[in-house]
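> The structure follows.
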Amino acid sequence: MGANVCTRLSPITPLHEACRSDKVICVKLLLEGQAKINALSVEQRTPLHDACRIGNIASVNAFSPDEGTPLHIACAFGSTNCTKLLLKMGADTCTLQSINTPLHEACRLDKVKCAELLLKHGANKNAYNKFYRTPLHIACGEGNIFVYCYF
Numbered sequence: 002m003g004a005n006v007c008t009r010l011s012p013i014t015p016l017h018e019a020c021r022s023d024k025v026i027c028v029k030l031l032l033e034g035q036a037k038i039n040a041l042s043v044e045q046r047t048p049l050h051d052a053c054r055i056g057n058i059a060s061v062n063a064f065s066p067d068e069g070t071p072l073h074i075a076c077a078f079g080s081t082n083c084t085k086l087l088l089k090m091g092a093d094t095c096t097l098q099s100i101n102t103p104l105h106e107a108c109r110l111d112k113v114k115c116a117e118l119l120l121k122h123g124a125n126k127n128a129y130n131k132f133y134r135t136p137l138h139i140a141c142g143e144g145n146i147f148v149y150c151y152f
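This note's numbering applies: residue 2 is where the sequence shown begins, and numbers increase by one.
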């Protein structure tokens, strides 16, 4: 406890090492300790790149208590390129580890392209969040009429 999770005395960070070694529990602990998810290795790769290279779906679906999974974050910020990549790598469209699924997040924040991608990849448009609201409830509650068109 108390170790610097962002330390870098080698070409990679501890998070890179955990992702490269398929140590999912270590990845989760490092993320909870605020390890830098976008830190670049000398090969110019992020820890997520390393997880994807070894086919570690668990890391692609790694959960942060503050932000959810990488797919939640990509959808919340409307990053269609990240959303596409995460979906291609097997990200779970229906995960409900936080309050909302990624589709709820896209609908809440009017990220139409991300919502469309999620639906094309099997996201459940009738899924309930932790408050028993569907993505359509969320879209309508926020006045996001463009997302509404997909329902």
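Even glycine gets a Cβ: it sits at the ideal position worked out from N, Cα and C.
Since the structure is predicted, the reported quantities are computational estimates derived from the model, not experimental observations.
1. Only counting runs of 4 or more residues, tell me where the alpha helix (DSSP H) segments fall wholly within the region 75–142, in order along the chain.
2. Hey, how far is the Cα of residue 158 from the Cα of residue 64?
3. DSSP state of residue 46, grouped into three classes?
4. For residue 74, count the other beta carbons within 10 Å of its own beta carbon; 16 or more makes it buried, fewer makes it exposed. Which is it?
5. Taking C-alpha atoms, which residue in 99, 17 and 80 lies nearest to residue 45?
6. For residue 152, collect the residues of the same chain with a Cβ closer than 8 Å to its Cβ; drop the 5 residues on either side in sequence, then sort them by chain order.
7. Using three-state DSSP, classify residue 147 as helix, strand or coil.
8. One question on the structure: do residue 116 and residue 104 come within less than 8 Å of each other, judged by their Cβ atoms?
From the atom records:
1. 81–89, 103–109 and 113–121
2. Absent from the model: residue 158. The displayed extent of the chain is 2 to 152, so no value can be given.
3. For the purposes of this step, residue 46 is identified with residue 45 of the sequence shown, where counting begins at 1. Residue 46: coil per DSSP, three-state reduction.
4. As a working note, residue 74 is residue 73 in the sequence shown. The residue is buried, with at least 16 neighbouring Cβ atoms inside 10 Å.
5. Here residue 45 refers to the residue found at position 44 of the sequence shown. Measuring from the Cα of residue 45, the nearest candidate turns out to be 17.
6. Here residue 152 corresponds to residue number 151 of the sequence shown, with the count starting at 1. Around residue 152: 126, 136, 137 and 140.
7. Counting from 1 along the sequence shown, the entry for residue 147 is found at position 146. Helix.
8. Counting from one through the sequence shown, the residue named residue 116 turns up at place 115. Counting from one through the sequence shown, the residue named residue 104 turns up at place 103. Yes.
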